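Since the structure comes first, as structure tokens, the remarks are kept for the end.
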Amino acid sequence: MLILVLTCVLISAALIALAALWQRFSVPAPELAHEKALYRGFVADVERRVAAGEIDAEQGQEEQAQAARALLKVSDTAEETASFKPLYGYVALGLVAVLSAWLYLFTGHPDLADQPYRQRLQAWTTIAKSDPDSLSPQKMAAVLRQGQVEHAREVDYWLFLGRIDMMAGNNYDGAQDYQKARALSPETFTAWSELGEALTFVGNGTSGREARQALQNALKLNPNDPRAHFYLGQRALEDGQYEDARGHFNAALNAMSPDDVSRPQVAQALAAVAPAEAAAKAMSERISGMVASLEAQLAADPENADGWARLLRSYDVLGHKPARAKAETAMRAHYARRPEIIADILTKAQTRVGSEGEAK
Amino acid sequence: MTHFNEIGSYCLVLAFSLSLGQALVVAAGQTKPLRGLARYAEGLSLAAALAIVISFGVLIYAFIRSDFSVVNVFEHSHTDKPLLYKISGAWGSHEGSMLLWCTILLVFGAMITLRGGGLPAGLKHKALGVQGLLGAAFVGFTLFSSNPLWRLADAPLQGQSLNPALQDPALAFHPPMLYLGYVGLSVVFSFAVAALIEGRLDRAWARWIRPWVLLAWSFLTIGITLGAFWAYYELGWGGWWAWDPVENASFMPWLAATALLHSAIVMEKRDALKAWTVFLAILAFTFSMMGAFLVRSGLLTSVHAFAVDPQRGILLATILLMTSGAGFTLFAVRAPTLSPGGLFAPVSREATLVLNNLLLSAALCSVFLGTLYPILMQALFNKTMSVGAPYYLAVFGPIMIAALAIVPISGLMAWKRADLKGVLQRLMASFAVAALAAAIGAILYRGPTLLSQAEYMVGLLTGFWLILGSLRTLMQHLDFRLNRVGKALRRLPAVPLATWGMLFAHIGLGVFVLGAVVESHQKLSVMQSVAIGDTLKLGQYNLTFKSLYKQAGPNYDAQGGAFEITDAKGKLVCEPRPQRRFYPASNQVQSKVALCFTPLDDLYIVMAEPQMAADGPNAGKASWQVRFFYNPWVRLIFLGPLLMALGGVFSLCDRRLRLGIVKKAVKA
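Taken in order, these protein sequences are the chains called A and B.
Going by the UniProt record's numbering, the first sequence opens with residue 1, and the numbers climb by one from there.
Going by the UniProt record's numbering, the second sequence opens with residue 1, and the numbers climb by one from there.
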């Protein structure tokens with residue numbers, strides 16, 4: 001704090017001194033002499049331009065007359081400045097310094113030191129060596145990441161860093177760490193399994209294509225991997241493949257020890273399969289009823305673009321591919337001369353149910 | 001423990017006090033007993049500039065060191081960001097860019113002191129007083145409402161990083177260039193207000209402000225061009241100018257500065273247009289401030305706009321209204337007392353420059369209306385509407401064509417009284433060649449409508465006319481004759497730099513017009529979903545998607561497409577590699593355009609997100625929406641303004657217009 005105060009005082013003093021010294025040594029006084037010299041130079045420049053043919057003589061005379069008028073005007077005020085006392089100026093400069101100090105008390109934080117990242121990282125590294133448990137996963141991940149060049153070929157390093165990153169909530173970084181572990185050791189099932197889990201987290205809880213592939217690879221290497229079974233079961237449940245989901249959740253439960261902390265979570269997921277299956281069946285029946293009614297309406301009045309779009313979308317939801325193809329053929333035949341409507345219907349049909357208003 | 005950030009904060013406070021002091025000593029110096037106090041404004045301007053440079057330096061240093069205890073660094077930086085973007089992050093936010101604005105403002109104030117030895121003391125000190133007042137207003141706004149050095153007691157672990165679209169070399173330099181232009185006009189404003197207070201507007205004043213106008217105009221030209229280039233290759237939409245209100249906000253001061261540049265010439269040469277020139281000087285900076293207000297007030301939604309923050313917008317609007325309001329009020333009071341100045345004939349260079357000013361002002365009004373009309377409609381009637389390219393092409397386009405058509409004529413006109421018939425005779429050959437080139441171009445171009453064909457021809461004619469007409473002006477300067485080529489060439493070094501500046505600016509304008517006309521009329525594009533192995537056809541080019549690749553960047557992971565472009569004969573033209581970059585720190589994806597460089601044209605490819613076909617022949621196969629553009633002569637759109645800016649630099653290097661030249665004459 002003392003150093004800060006001293007530095008601020010020194011900077012103020014230096015800048016105020018600069019202002020005072022500039023005025024003392026560089027600002028010409030008395031002003032009249034300066035103005036005279038200035039306009040002499042101006043007139044000389046006008047003469048040079050006339051001689052060089054840049055302006056004609058008439059313009060030269062006009063410019064010289066203007067310079068003379070300006071000189072007369074300035075001489076009226078310049079004499080008055082001679083009596084000025086420099087003390088007023090120094091008082092003004094002093095007031096500026098006082099105002100600055102006063103304002104800084106309201107706007108500054110003299111108690112807050114700088115916190116550059118490198119310095120903080122060094123402090124965390126020291127704690128990681130002496131008391132690692134007291135360090136948050138975020139800080140631990142930052143400390144560990146410093147060794148990524150040194151440990152670039154070590155599978156365990158990347159697996160450990162991945163776990164720390166996942167604990168820190170750095171899902172994307174965690175997935176990257178597991179990718180590196182998997183590349184170094186493709187036969188290690190945990191690398192695949194934890195990669196699949198990390199990618200599922202990156203996908204906000206949904207196991208995408210890459211995640212599914214990683215989880216399936218983990219199962220190839222270890223058919224009793226509960227993690228892979230659990231996430232594949234979740235994905236199967238989302239896809240409406242209830243038997244697959246049951247199979248994966250049961251396999252996960254069988255692979256877990258009775259005191260495994262994750263057991264209740266898997267059991268809960270298994271219990272959720274039956275209600276989901278019943279709800280899907282009810283929904284399918286409702287859609288089937290709606291489709292039948294829509295089919296009848298379109299047979300009676302095929303001039304209904306929205307109706308065709310809804311029908312195609314319903315078949316997509318139900319997974320009735322032959323019926324969808326038939327409906328599309330009928331729609332295309334009806335709008336054969338209006339391709340823009342066909343394109344519009346196909347676009348609307350691809351829109352996810354319930355997403356029509358999302359753009360708003 | 002170091003306290004650099006606090007030293008920066010203190011220096012910002014100091015810069016505010018020094019600027020305020022600078023304004024107050026000049027005000028106090030107008031009273032009889034304290035007449036000499038105004039002299040202290042010079043030293044205070046230097047001290048204020050140094051203080052703010054230290055403050056801005058500290059902010060950059062905080063970005064370099066990733067000191068997340070500074071809120072601005074936390075919100076706009078990340079440890080993985082490359083050094084260039086850590087530095088440019090310092091002006092990548094509203095707060096940081098305000099500090100950059102203030103830094104340039106105060107440094108320009110110091111430049112009046114350092115390079116203004118040749119100015120009359122009264123005018124110089126009053127200009128410094130106005131500059132100090134502007135400095136106090138803007139530094140005060142930054143200090144109290146948008147302080148980039150605000151602190152957090154406990155620094156967050158990581159920063160939130162900078163918007164990926166802003167992590168680009170063109171955008172790293174675009175704001176400083178633009179601000180050098182915007183704020184450069186503040187000096188002109190200060191000189192205008194100072195002259196109005198002094199009641200002294202003469203040729204010398206016009207000559208003193210011309211270098212500042214040229215400096216601001218050149219930087220503004222470069223800044224706008226860099227912004228357009230960034231929008232062209234970074235935003236992935238294939239265009240370079242969208243008449244976006246934020247783009248217009250930078251274009252309006254440019255138009256005003258261009259008009260001012262020409263009216264100042266008339267004032268210097270003929271002692272005429274005094275009131276008009278000083279009005280333009282106030283107007284140009286008013287538009288600069290309006291630009292700053294529009295992008296920060298929350299009134300506009302744009303890729304360029306900084307923040308939606310009405311409170312800070314109101315503060316900025318207050319500064320805008322008070323400064324420009326004071327300027328215009330002073331103008332209204334003083335303008336009637338200004339002598340009308342030199343007379344000139346209707347056929348003279350002055351008359352063409354007046355016409356040029358009228359047309360540029362009309363063009364400025366058209367852009368102003370197009371920009372503000374939707375905002376006013378929204379504010380007054382809650383009615384959302386947008387004014388787009390069709391309006392500007394219909395209103396702004398014809399006015400500018402008329403303005404550009406008189407440029408070569410003006411260049412050959414004599415001052416006071418000119419021989420129009422003689423000038424037209426001398427330009428006949430240039431016009432004939434331009435018309436021939438435009439006619440050939442129009443025949444080769446098969447536009448969709450007759451109107452489009454006519455637009456194209458008029459556009460080409462304007463571009464060629466500007467270039468060839470300017471070359472004819474050069475020939476006039478060299479007294480060029482076919483049988484005395486050697487003699488004419490020997491005169492080249494004698495051509496004043498200001499004349500070279502004018503020629504480069506006008507030729508650059510012609511080059512730009514040609515690029516804009518050809519690109520907008522002959523541009524081709526196709527957008528299609530393509531899978532690996534597919535080929536897209538566009539004009540004579542075939543784009544084949546060869547493979548996918550992954551690349552790890554310093555702070556992003558990219559997935560890119562390796563493409564191959566062949567011409568109609570199957571010859572390989574280039575191998576573009578567009579990318580989609582994922583920035584984990586901000587969890588944002590950015591498309592990276594691939595450009596194939598040919599001398600004038602661009603082949604421009606941009607990839608969208610992958611999609612998986614659910615059924616059909618490509619079921620289970622990934623495909624990407626690819627946009628493929630052929631942009632003919634697009635390079636001229638960016639080359640032209642650079643030539644114009646170079647012209648500005650040439651003019652600035654002219655002995656008569658160099659800053660501080662009169663001071664040297666005094667010493668001699």
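We treat Cβ as the ideally placed atom computed from N, Cα and C, and that holds for glycine.
None of these values were measured; they are calculated from a predicted model.
Please report the distance separating the alpha-carbon of residue 678 of chain B from that of MET457 of chain B. This structure cannot speak to residue 678 of chain B, because chain B is shown only from 1 to 668.
Residues of chain B with CB under 7 angstroms from TRP308 of chain A, in chain order? Near TRP308 of chain A there are no residues of chain B at all, since even the closest Cβ is about 18 angstroms away, more than 7 angstroms.
For the stretch 8–23 of chain A, which residues have a beta carbon sitting closer than 8 angstroms to at least one beta carbon of chain B? CYS8, ILE11, SER12, LEU15, ILE16, LEU18, ALA19, ALA20, LEU21, TRP22, GLN23
When the cut-off is 8 angstroms and only beta carbons count, does ASP202 of chain B lie next to chain A? yes
Cα-Cα separation, residue 390 of chain A to ILE164 of chain A: Outside the shown range of chain A (1 to 360) lies residue 390 of chain A, about which nothing can therefore be said.
Check whether the Cβ atoms of PRO223 of chain A and ALA252 of chain A lie closer than 8 angstroms to each other. no
Since ALA562 of chain B is in the beta strand (DSSP E), which residue starts that stretch and which ends it? 557–566
Can you name the residues of chain A whose CB is closer than 9 angstroms to the CB of HIS262 of chain B? The premise fails here: HIS262 of chain B is roughly 18 angstroms from chain A at the closest Cβ pair, so nothing lies under 9 angstroms.
Residue of B:ARG580, B:ILE54, B:ALA516 minimising C-alpha distance to THR7 of chain A: B:ILE54
Three-state secondary structure assigned by DSSP to VAL261 of chain A: coil
Take LEU232 of chain A as the anchor and find which of A:ASP259, A:ALA333, A:VAL261, A:TRP192 has the nearest alpha-carbon. A:TRP192
Please name the residue, chosen from B:THR142, B:HIS94, B:LEU100, B:VAL73, that lies closest to VAL13 of chain B on a Cα-to-Cα basis. B:THR142
What residues in the stretch 30–41 of chain B have a beta carbon less than 7 angstroms from any beta carbon of chain A? LYS32, LEU34, ARG35, GLY36, LEU37, ARG39, TYR40
Enclosing beta strand (DSSP E) for GLN625 of chain B [first to last residue]: 622–631
Excluding the 5 residues flanking ALA218 of chain A on each side, which residues of the same chain have their C-beta closer than 7 angstroms to its C-beta? PHE189, TRP192, SER193, GLY196, ASP225, ALA228
Confirm, please, whether the CB-CB distance from LEU50 of chain B to GLN22 of chain B is below 8 angstroms. no
Per DSSP, what are the beta-bridge partners of GLN528 of chain B in this structure? B:VAL626
Please decide whether LEU346 of chain A counts as near chain B, where near means a Cβ-Cβ distance under 8 angstroms. no
Relative to the alpha-carbon of ILE104 of chain B, which residue among B:CYS653, B:TRP624, B:TYR391, B:GLY135 has its alpha-carbon at the smallest distance? B:GLY135
Give me the Cβ distance between TRP230 of chain B and ALA257 of chain B, rounded to the nearest whole Å; I'm assuming they're in contact under 8 angstroms. Incorrect: roughly 21 angstroms between the Cβ atoms, too far for contact.
Are the C-beta of LEU83 of chain B and some C-beta of chain A separated by less than 8 angstroms? no
Report all residues from its chain with a CB closer than 6 angstroms to the CB of LEU346 of chain A; omit the five preceding and five following residues, and keep chain order. none
Same chain only: Cβ atoms within 6 angstroms of HIS521 of chain B, ignoring 5 sequence neighbours per side: TYR456
Let's test the definition: count the other Cβ atoms within 10 Å of the Cβ of SER366 of chain B and tell me whether it reaches 16, buried, or not, exposed. buried
Can you pull the chain B residues whose beta carbon is under 8 angstroms from the beta carbon of ASP173 of chain A, in chain order? PRO584
ARG246 of chain A bridges to which residues according to DSSP? Note: ARG246 of chain A sits in no beta bridge, so no partner.
Alpha carbon to alpha carbon, how far is TYR10 of chain B from SER100 of chain A? Give it in angstroms, no decimals. 8 angstroms
Buried or exposed for SER288 of chain A, please, with buried defined as at least 16 other CB atoms from any protein chain shown within 10 angstroms of its CB. exposed
Assuming THR286 of chain B contacts SER263 of chain B (C-beta within less than 8 angstroms), just tell me the rounded distance between them. With a Cβ gap of about 16 angstroms, THR286 of chain B and SER263 of chain B do not count as contacting.
Spatially closest choice to ASP156 of chain A from A:GLU340, A:TYR39, A:GLN179, by CA coordinates: A:GLN179
Quick one, which of B:VAL333, B:LEU358, B:TYR233 has its alpha-carbon nearest LEU166 of chain B's? B:TYR233
Take the Cβ of MET413 of chain B as the centre, count every other Cβ of all protein chains shown within 10 Å, and call the residue buried at 16 or more, exposed below. buried
Helix, strand or coil at ILE406 of chain B according to DSSP, with G and I counted as helix: coil
What does ILE7 of chain B touch in chain A if you count any residue whose Cβ is under 8 angstroms from its own? LEU4, THR7, CYS8, ILE11
So is VAL96 of chain A in contact with chain B if we call contact Cβ pairs under 8 angstroms? yes
Which one of A:SER134, A:MET331, A:ALA278 has the shortest CA to CA distance from PRO302 of chain A? A:MET331
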